[in-house]
Amino acid sequence: MAEEADGIKLEQRHGKARVRVARVWRNDHNGSHHFVEWNVSISLLSHCLSSYHRDDNSDIVATDTMKNTVYVKAKECGDRLSVEEFAILIGKHFCSFYPQVYTAIVNIIEKPWERVSIDGKPHLHGFKLGTEKHTVEATVLKSGALNLTSGIVGLALLKTTQSGFEKFVRDKYTILPDTQERMLATEVNASWRYSYESVMSIPTKELYFTKKFMDVKKVLMETFFGPPETGVYSPSVQRTLYLMGSAVLRRFADVSLIHLKMPNIHFLPVNLSTKENPSMVKFKDDVYLPTDEPHGSIEATVSRITSKL
Ligand SMILES: O=c1[nH]c(=O)c2[nH]c(=O)[nH]c2[nH]1
1 MAEEADGIKL
11 EQRHGKARVR
21 VARVWRNDHN
31 GSHHFVEWNV
41 SISLLSHCLS
51 SYHRDDNSDI
61 VATDTMKNTV
71 YVKAKECGDR
81 LSVEEFAILI
91 GKHFCSFYPQ
101 VYTAIVNIIE
111 KPWERVSIDG
121 KPHLHGFKLG
131 TEKHTVEATV
141 LKSGALNLTS
151 GIVGLALLKT
161 TQSGFEKFVR
171 DKYTILPDTQ
181 ERMLATEVNA
191 SWRYSYESVM
201 SIPTKELYFT
211 KKFMDVKKVL
221 METFFGPPET
231 GVYSPSVQRT
241 LYLMGSAVLR
251 RFADVSLIHL
261 KMPNIHFLPV
271 NLSTKENPSM
281 VKFKDDVYLP
291 TDEPHGSIEA
301 TVSRITSKL
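Okay, here's the thing in structure tokens:
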């Protein structure tokens with residue numbers, strides 16, 4: 001909301017970024033501990049104009065208070081909950097506890113701690129760090145209106161064949177040859193919006209969004225790789241991205257939109273030669289030079305066409 005005074009327009013928010021909290025739940029009947037580590041960022045839209053216009057802080061919710069609230073709420077959560085539920089709970093708190101707060105935007109990054117298995121047996125209290133992170137952004141309004149977006153960051157995927165790129169624009173600047181055989185590597189960053197538009201309408205099933213996160217990841221990976229024995233041919237990163245995004249929309253009725261960012265991380269063919277030895281290393285789809293700079297950058301948003309009726 002923009003507010004005006006003295007012919008000057010002001011749009012403002014304030015919050016606390018990167019509040020780190022870890023929570024253990026020890027109450028599983030079989031002695032199994034559950035553990036999460038969250039990095040929480042809160043941004044509040046609130047009526048506190050006098051702090052900008054005058055030296056009057058009487059309407060400011062201190063960012064230090066916001067930080068403390070994260071720990072209080074983590075303590076109060078006696079049962080395991082998804083990172084999405086925690087973000088919504090924090091957002092609801094700020095909107096309902098403070099009259100001047102009209103919107104709370106809560107971003108959380110969950111570190112990928114995974115339970116370890118020793119000799120195939122899940123450890124009761126041992127965890128190791130995985131790679132891709134689970135993110136959430138919950139925007140909660142005082143009215144209870146909700147915008148919920150979950151994401152995955154840093155899902156590095158690679159396949160050694162079943163990828164090509166050909167028949168693209170060829171002009172006087174083009175060197176890249178057509179190919180039907182190349183490596184395909186990317187680091188998927190995905191974020192998807194859920195269709196729940198009110199804090200009252202979110203599913204109450206235990207760990208619903210945690211499971212959904214794992215299911216979305218599975219669909220993204222299955223679509224990227226294809227069946228284990230045969231794979232699936234990718235004619236471009238663009239096509240594969242579209243198939244991945246539309247598979248998620250087809251599979252999950254409560255996902256209304258997905259944004260995918262898929263850099264094309266190049267593995268360059270290695271050919272080495274000297275005058276004496278013209279084929280010191282001749283590339284036969286075997287030896288590559290991995291690079292990350294420069295890389296192709298391909299991103300798109302795939303969403304449902306909603307009926308205007
Ligand atoms: O899948 C690809 N998409 C592109 O847009 C592109 N451009 C390029 O040089 N290589 C590739 N590969």
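Sequential numbering from 1 applies to the sequence shown in the UniProt record's numbering. Ideal Cβ placement from N, Cα and C applies to all residues, glycine included.
For this session: Could you give the DSSP three-state label for T161: helix, strand or coil?
Result: coil
For this session: For I60, I'd like the list of residues in its chain whose CB is within less than 7 Å of its CB, leaving aside the five on either flank, ordered along the chain.
Result: C48, S51
Problem set entry | Check: S32 C-beta below 8 Å from any heavy atom of ligand 1 | Judged by the Cβ position, S32 fails to qualify as a neighbour of ligand 1 at the 8 Å threshold, every heavy atom of the ligand being at least this far.
For this session: Grab the span of the beta strand (DSSP E) containing L129 for me, first residue to last.
Result: Run containing L129: 121–129, per the beta strand (DSSP E) assignment.
Exercise. Can you tell me the Cα-Cα spacing of L45 and F97, whole angstroms?
Worked result: 14 Å
Exercise. Taking the alpha-carbon positions, what's the T274 to M183 distance?
Worked result: 26 Å
Exercise. In three-state terms, what does DSSP make of G91?
Worked result: helix
Problem set entry | Local conformation of G245 per DSSP, three classes | helix
Exercise. For N30, which beta-bridge partners are listed by DSSP?
Worked result: None; N30 has no bridge partner.
Problem set entry | Collapsed DSSP secondary structure at S117 in the structure displayed | Reduced to three states, the DSSP call for S117 is strand.
Exercise. Is M1 buried or exposed, if buried means 16 or more other CB atoms sit within 10 Å of its CB?
Worked result: exposed
Exercise. Which whole-angstrom value is the C-beta distance of T161 and P263, which I expect to be below 8 Å?
Worked result: Contact doesn't hold; Cβ gap of about 20 Å is too wide.
Exercise. DSSP state of N47, grouped into three classes?
Worked result: Here residue 47 is His; the residue named in the question, Asn, does not match the sequence. Note: H47 maps to coil in three-state DSSP.
For this session: Have a look at residue 310 and H266 and give me their C-alpha separation to the nearest angstrom.
Result: Outside the shown range of the chain (1 to 309) lies residue 310, about which nothing can therefore be said.
Exercise. Is F35 near ligand 1, with its Cβ less than 8 Å from a heavy atom?
Worked result: In this structure, F35 has its beta carbon at no less than 8 Å from each heavy atom of ligand 1.
Problem set entry | Sufficient close CB pairs (3 or more, under 8 Å) joining the stretch 248–259 to the stretch 208–219 | yes
For this session: Assess, as a yes-or-no matter, whether the stretch 125–137 is touched by the stretch 58–72 under the definition of 3 or more beta carbon pairs within less than 8 Å.
Result: The stretch 58–72 vs the stretch 125–137: no contact.
Exercise. Exposed or buried, which one is E3 when buried takes at least 16 other CB atoms within 10 Å?
Worked result: exposed
Problem set entry | Around ligand 1, Cβ to any heavy atom closer than 7 Å, ordered along the chain | F165, F168, L176, S236, V237, Q238, N264, G296, I298
Problem set entry | Inter-residue spacing [alpha-carbon to alpha-carbon] between L155 and E276 | 44 Å
Exercise. What is the rounded straight-line gap between the Cα of V106 and the Cα of F225?
Worked result: 33 Å
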